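This report refers to the structure that appears directly beneath it.
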Amino acid sequence: MTRKKRIRKVGSEGTIQHFESFLSKDDVASLARKRTNRCKGLKAGTRYSDSTCEQQYQAKTKVDQRLGSKKLIPLVVEAPLYPKSATGKKVCSLNATQK
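Start counting the sequence shown at 106; every next residue gets the next number (this note's numbering).
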């Protein structure tokens with residue numbers, strides 16, 4: 106004799122009845138309270154999706170100081186086209202009329 110597999114489809118056995126339909130209103134209310142008490146904690150993975158937590162994790166990450174600007178550094182130092190004066194001031198030349 107083979108075992109009859111239980112299925113949820115409506116078939117020859119009639120409609121599916123939920124167990125809450127057999128319970129009283131007080132029992133249904135107590136089950137709802139138990140369900141909320143069991144699920145008080147946060148869902149798994151919410152610490153990564155929360156925006157405030159993301160800011161905390163970003164603040165903790167240490168920036169590598171070796172990684173900086175990607176600006177090219179010249180290997181040969183070229184002399185400037187116009188050398189600066191020793192005092193650092195602009196040298197004004199006088200015209201013939203001003204002398």
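Where a beta carbon is used, it is the ideal one built from N, C-alpha and C, also for glycine.
Just so you know, these numbers come straight off a predicted model, no measurement behind them.
Own chain residues within Cβ distance below 7 Å of residue i, not counting five before or after
i           : result
alanine 134 : none
Cut-off 8 Å between Cβ atoms - residues of its own chain near residue i, not counting five sequence neighbours on either side
i            : result
tyrosine 187 : none
Three-state class that DSSP yields for residue i in the structure shown
i           : result
alanine 134 : helix
lysine 145  : coil
lysine 139  : helix
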